[in-house]
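One structure below.
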Amino acid sequence: MQEVVLQTVNLTKKYKDFVALDNANITIHKGDIYGLIGRNGAGKTTLMKTITTLTNKTSGTFSLFGSEEELTESKRRIGCLIESPAFFGSLTAYQNLKYYAIQKGITNDKQIDKVLKAVDLFKEKDKKFKNFSLGMKQRLGIAFAILDNPDFIILDEPINGLDPIGIKEIRDTLKRLNEEEKITILISSHILSELYLIANHFCFIDKGRIIKDLSKEELDLECSKCIIIKTKDVKKATVVLEQKLKTTNYKVIDNTEIRLYDYLENTLKVNKTLLANDIEVTGIYESGISLEDYFDSLIKDGAK
Amino acid sequence: MLNIIKSDLYRVFRGKAIYIAIAFILILASVSCFAMSPGHIGFASSSIEETDYDNEELLEKLYETDSIIETREIMKEYGSFPLDKSQLGANANLYYFFIIVVVIVLVTDLSNSTAKNTLSSAISRKKYYFSKLITCLGLGTVLILINNYGSYVINLIMNGKEFSAGILEITKLTILQLPILYAIISVLVCIGFCFRKTGTFNSITIPLIMVVQLVIMGVATLFHLDGANILNYEFQYIIGNLVANPSNTYILKTLVLAIFYIIVFNVIGYSVFRKTEIK
């Protein structure tokens, strides 16, 4: 069984009457790149701040590496970049990392060089932070997050404000860290298309509530083009699909809905075949939406 | 906790602020030694200066001149007095240097949001609070020692032995003053943790030491209280009185008061910080 890195149970954060996080339940397994998607103000940062104890939870529980009690010890195994990267402007990139290396008890200065190289900032190590571009600041933030060889890194909108090349560089860096160093990553963004390229698990959050939590395969399935067949006799309909239309490329959603991923240009034939075999079809139509539309529909469904 | 203190010292000694503060302390000490007159801040000062200049003729001559060089000659002509001890009586001046220490160690970290890097992954709030407090007290002590022994050495060089109280007396007075100076640092640390923004911190702390005296005098006048007696337990007065041969009872009272301030302000500071959301 995969190790659970982070688990939240009914985690709630209220600011007076405003509920910023409402009974959030998420589970992140070792090796995951877990994408947290939501609009601005949806509760992504609040969730991250709560699990890093930058803000106190109102109710609920969370555990890091299976431990609820030894949070300070567990926190040593995580690296964070919450909100915009903040460092001392008058210190250089190297000095800033050295400052945090001392805090974390890292005595080998080569580790600083290693993380600076990992985010392609080694050549800029003697440049003061105040003279950094936004992309360089974000990359230094990631270097800080991985400084102590963490098992789990939490990155809050690390691609915000970056140009396409900067976004690609960060994406490649994170993928490499996940694949080579086996680091579990929790990353938030409001740009689903970007997150889609890196994450293998997605959690949609809106108005503080988790509205959907699914794997990449499930997301693909949800968004991919298909024919939706509504019928009261799902079992019989699947037999017809397999025997008459010779396809197993379908998914039974519930006892009234089947999603068929073949015959996409021939809905009429599917309908005729089902009717010819005495299947009562209450609805049949083509479906398939973009990631953005899917996100939009989730938010609208959540609002209802 | 030790790592946090070490990292802060690494950062502080890579910046210019601490060196500028030390340079200013030594310049102030030099100017005071040359002018043979320790300056002080605030609206009223303790009894130390009054007792030092009890010769009416000397006072008259001092009032008549605006020249520092002439003042110096007059002071030398009228004989010896422990100038370095008088300078310790004006140690309330260190208040502004303590503000610099608290800003560079603590308020910058909270104001720049760099504190979240530390608190999100390396350390608990309790350890963070006490690391910052210890660092501020440590650097504050360094500044006190530089100020006191710097004044002693500069005074010896400029004015000679006859104007010095001696190193043992300076050491004794330094030890006597330390608790109340630590109380002042604790007040500043408390304000730093409560307000967390450099601008707000500065606008509160810079006038604070003068406002305290004004408030005490105002309250005393309004309620017909013995203002002079109350002022004896105000920070600046305590610092001054402690170098003016105070009674053991007074020393004990100020020690208790200093410990009370240290505990109360740190309890307030930590309680506020514990519940604060780190931006």
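Here the protein sequences come in this chain order: E and X.
First residue of the first sequence? That's 14 in the numbering used here, and the numbers climb one at a time after it.
First residue of the second sequence? That's 393 in the numbering used here, and the numbers climb one at a time after it.
Idealized CB from N, CA, C, for every residue including glycine.
Paired residues, beta bridge with residue i - DSSP
i	result
residue 521 of chain X	BP columns for residue 521 of chain X are empty, so no partner.
residue 24 of chain E	E/37
residue 265 of chain E	E/271
residue 219 of chain E	E/222
residue 80 of chain E	E/77
residue 47 of chain E	E/199 and E/214
residue 616 of chain X	DSSP, once it has assigned bridges, lists no residue as partnering residue 616 of chain X.
residue 228 of chain E	E/214
residue 72 of chain E	E/25
residue 165 of chain E	E/91 and E/197
residue 19 of chain E	E/41 and E/77
Where residue i meets chain E, residues with beta-carbon distance less than 9 Å
i	result
residue 407 of chain X	101, 103 and 104
residue 411 of chain X	Simply none; closest approach about 13 Å.
residue 398 of chain X	115 and 116
residue 653 of chain X	Within chain E, no residue comes near residue 653 of chain X; the closest Cβ sits about 28 Å away, beyond 9 Å.
residue 594 of chain X	Those within 9 Å of residue 594 of chain X in chain E number zero; the least Cβ separation is about 18 Å.
residue 667 of chain X	69
Separation of residue j from residue i, as counted between CA atoms
i	j	result
residue 283 of chain E	residue 276 of chain E	7 Å
residue 422 of chain X	residue 545 of chain X	10 Å
residue 565 of chain X	residue 28 of chain E	50 Å
residue 294 of chain E	residue 256 of chain E	17 Å
residue 188 of chain E	residue 211 of chain E	7 Å
residue 57 of chain E	residue 216 of chain E	10 Å
residue 113 of chain E	residue 191 of chain E	23 Å
residue 226 of chain E	residue 657 of chain X	46 Å
residue 462 of chain X	residue 606 of chain X	34 Å
residue 645 of chain X	residue 634 of chain X	11 Å
residue 443 of chain X	residue 104 of chain E	Low confidence applies to residue 443 of chain X: its pLDDT is 45, below 50, so where it sits in the model is not reliable, and the reading given next is rough at best. In a straight line, the C-alpha of residue 443 of chain X is about 49 Å away from that of residue 104 of chain E.
residue 214 of chain E	residue 43 of chain E	12 Å
residue 608 of chain X	residue 622 of chain X	7 Å
residue 664 of chain X	residue 68 of chain E	13 Å
residue 198 of chain E	residue 501 of chain X	26 Å
residue 246 of chain E	residue 273 of chain E	15 Å
residue 244 of chain E	residue 296 of chain E	7 Å
residue 204 of chain E	residue 174 of chain E	11 Å
residue 405 of chain X	residue 76 of chain E	39 Å
residue 659 of chain X	residue 584 of chain X	13 Å
residue 393 of chain X	residue 519 of chain X	6 Å
residue 232 of chain E	residue 579 of chain X	55 Å
residue 303 of chain E	residue 221 of chain E	24 Å
Under 8 Å by beta carbon: chain E residues contacting residue i
i	result
residue 510 of chain X	113 and 116
residue 662 of chain X	Near residue 662 of chain X there are no residues of chain E at all, since even the closest Cβ is about 14 Å away, more than 8 Å.
residue 670 of chain X	62, 67 and 68
Listed by chain order, chain X residues near residue i by CB distance under 8 Å
i	result
residue 95 of chain E	508 and 512
Option in the options with minimal Cα separation from residue i
i	options	result
residue 267 of chain E	E/252, E/248, E/261 and E/281	E/248
residue 666 of chain X	X/645, X/593, X/634 and X/588	X/588
residue 52 of chain E	E/170, E/250, E/210 and E/125	E/170
residue 573 of chain X	X/647, X/584 and X/640	X/647
residue 586 of chain X	X/643, X/521, X/427 and X/466	X/521
residue 528 of chain X	X/509, X/513, X/575 and X/548	X/575
residue 177 of chain E	E/157, E/206 and E/154	E/206
residue 102 of chain E	X/519, X/570, X/403 and X/610	X/403
residue 179 of chain E	E/151, E/204 and E/156	E/151
residue 477 of chain X	X/495, X/543, X/510 and X/426	X/543
residue 166 of chain E	E/182, E/62 and E/37	E/62
residue 117 of chain E	E/90, E/55 and E/26	E/90
residue 292 of chain E	E/269, E/164 and E/155	E/269
residue 489 of chain X	X/598, X/590, X/550 and X/563	X/598
residue 88 of chain E	E/96, E/97, E/78 and E/109	E/78
residue 136 of chain E	E/288, E/200, E/94 and E/153	E/153
residue 1 of chain E	E/25, E/76, E/261 and E/159	The structure shown does not extend to residue 1 of chain E, since chain E is modelled only from 14 through 317, so no value can be given for it.
residue 639 of chain X	X/593, X/578 and X/568	X/568
residue 158 of chain E	X/563, X/512, X/504 and X/456	X/512
residue 395 of chain X	X/537, X/524, X/460 and X/604	X/524
residue 365 of chain E	E/156, E/93, E/66 and E/38	In this structure chain E extends from 14 to 317, so residue 365 of chain E is not present and cannot be described.
residue 560 of chain X	X/474, X/530, X/428 and X/629	X/474
residue 537 of chain X	X/428, X/630, X/430 and X/479	X/479
Amino acids of chain X, ordered along the chain, whose beta-carbon sits closer than 9 Å to that of residue i
i	result
residue 91 of chain E	512 and 513
Within chain X, the residues that residue i reaches when beta carbons sit closer than 7 Å
i	result
residue 142 of chain E	Result: empty, since nearest Cβ-Cβ is about 10 Å, beyond 7 Å.
residue 108 of chain E	406
residue 78 of chain E	Result: empty, since nearest Cβ-Cβ is about 13 Å, beyond 7 Å.
residue 127 of chain E	The contacting residues do not exist; residue 127 of chain E stays about 18 Å from chain X at best.
Proximity test, residue i beta-carbon vs the ligand HEM heavy atom, cut-off 7 Å
i	result
residue 628 of chain X	Only the bare structure without any ligand can be found here, which leaves the ligand HEM out of the picture.
Runs of alpha helix (DSSP H) lying entirely within the region 268-299 of chain E, each at least 4 residues, in chain order: You should have 280-289.
Runs of 4 residues minimum, wholly inside the region 119-156 of chain E: which ones carry the alpha helix (DSSP H) assignment? Whole alpha helix (DSSP H) segments, 4+ residues: 123-131.
Taking beta-carbon pairs under 7 Å, can you tell me which members of the region 31-54 of chain E lie near chain C? Among the protein chains of the structure shown, namely E and X, there is no chain C.
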